[in-house]
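Asker:
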Amino acid sequence: MIEVPQTEDYGKNAAKARGEDYPCVVCGRAVKYGSSTGHVVHLGNGGGYLLLPTEVDPAASDYLGLYPLGGNCLKKHPELRPYVVAR
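Using numbering that gives the first Met the number 0, the letters of the sequence shown map in sequence onto residues 0 to 86.
1. Check the DSSP bridge columns for Tyr66 and list the partner residues they point to.
2. Mark Pro77 as exposed unless 16 or more other C-beta atoms lie within 10 angstroms of its C-beta, in which case mark it buried.
3. Evaluate contact between the segment 55-62 and the segment 37-47, counting only Cβ atoms and requiring at least three cross-stretch pairs below 8 Å.
4. Among Leu51, Asp20, Ala16, which residue has its Cα nearest to the Cα of Val3?
5. DSSP state of Pro22, grouped into three classes?
Rendered as structure tokens:
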């Protein structure tokens, strides 16, 4: 488990995501869910932490599911690579 390294602009950026776009868990910029430029990660512990695939307990009350991580954020935070779910 690792804390999500959210940017200061997360809230402002996330407010702009609409329709088929979902906010990146790090920067809040719109990511087309399922796009080749985005990745997905498991959010847990109420949403502030990324879970390794081996740490996921879908029955846990603090597990939130899969959320997008933008490709640029993954490049900026290579330490998050083990948390990306293969699709």
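By construction, the Cβ of each residue, glycine as well, lies at the ideal position given by its N, Cα and C atoms. Predicted model only: the values in this text are computed from it and were never measured.
Answerer: Well, looking at it:
1. Working through the sequence shown from its first residue, we reach residue 66 at position 67. DSSP lists Val40 as partners of Tyr66.
2. As a working note, residue 77 is residue 78 in the sequence shown. Counting the other Cβ atoms within 10 Å of the Cβ of Pro77 gives fewer than 16, which makes it exposed.
3. Contact holds: three or more Cβ-Cβ distances are below 8 Å.
4. Residue mapping note: residue 3 aligns to position 4 of the sequence shown, counting from 1. The shortest C-alpha separation from Val3 is found at Leu51.
5. For the purposes of this step, residue 22 is identified with residue 23 of the sequence shown, where counting begins at 1. DSSP places Pro22 in strand when its eight states are reduced to three.
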